[in-house]
Structures are given as C-alpha cells and as structure tokens.
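Residue numbers (the working numbering): 123 to 221.
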C-alpha cells in the first residue's frame, strides 16, 4: 500500500514532467501561432496582389484594343493619302503640268 510520502513523490514527479513538457511545448506552440498569423497576412497580401494583377491585365488588354483601332485608323488614312496622291498625279497629267 502507498503511504503519503510515496504519493507526494509521485505527484512531484508528475508535476515535474508536466512542467518540462509545458516548458518545451509552449514556445513551439507560440511559434506555430506566429507562423500561422504571418501566413494569414501573406495570403491576404497575395489575394490583393492577384486582384491588382487581374486589373492590370484588363487595363493592358483595353490598351491593346485601343492601339489596334488606332493602327486601323492610321492604315485607312494612309490608304486615303495614297489615293489622293494618285488622284493629284492624274489631275496633273491630264492638265499637262510637269511635276
């Protein structure tokens, strides 16, 4: 049968072991908590960056479309200038004026 002294010794051992476990585990859990918080912040930052990238992509696409329409307009103007130049040459030839 156990006497009070042995029970106190066993209780002391259990308290010591529990204290050592808490001493080792508490800093690890604290580190995990900090890492988890940082990962949450990074995930939020990445979401914001992805949103900004999508907006940038849509802006870039609209700029490219706008440039394409400008190029088409310039091509049409260039063709009209060539036509007008040919018309002027024809008029000068018909009138007999040397260029």
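Think of the CB as a built atom: it goes at the ideal place given N, C-alpha and C, for glycine as much as any other residue.
Distance, residue 150 Cα to residue 161 Cα: Numbered from 1 along the chain shown, position 39 holds the residue referred to as residue 161. Numbered from 1 along the chain shown, position 28 holds the residue referred to as residue 150. Residue 161 and residue 150 have their alpha carbons spaced roughly 16 Å apart.
Start and end residues, alpha helix (DSSP H) containing residue 127: By one-based count along the chain shown, residue 127 stands at place 5. Here the alpha helix (DSSP H) through residue 127 covers 126–217.
Using the Cα positions of residue 180 and residue 174, report the straight-line distance between them to the nearest angstrom. Against the chain shown, residue 180 aligns to sequence position 58. Against the chain shown, residue 174 aligns to sequence position 52. Separation of residue 180 and residue 174 (C-alpha to C-alpha, rounded to the nearest whole angstrom) is 10 Å.
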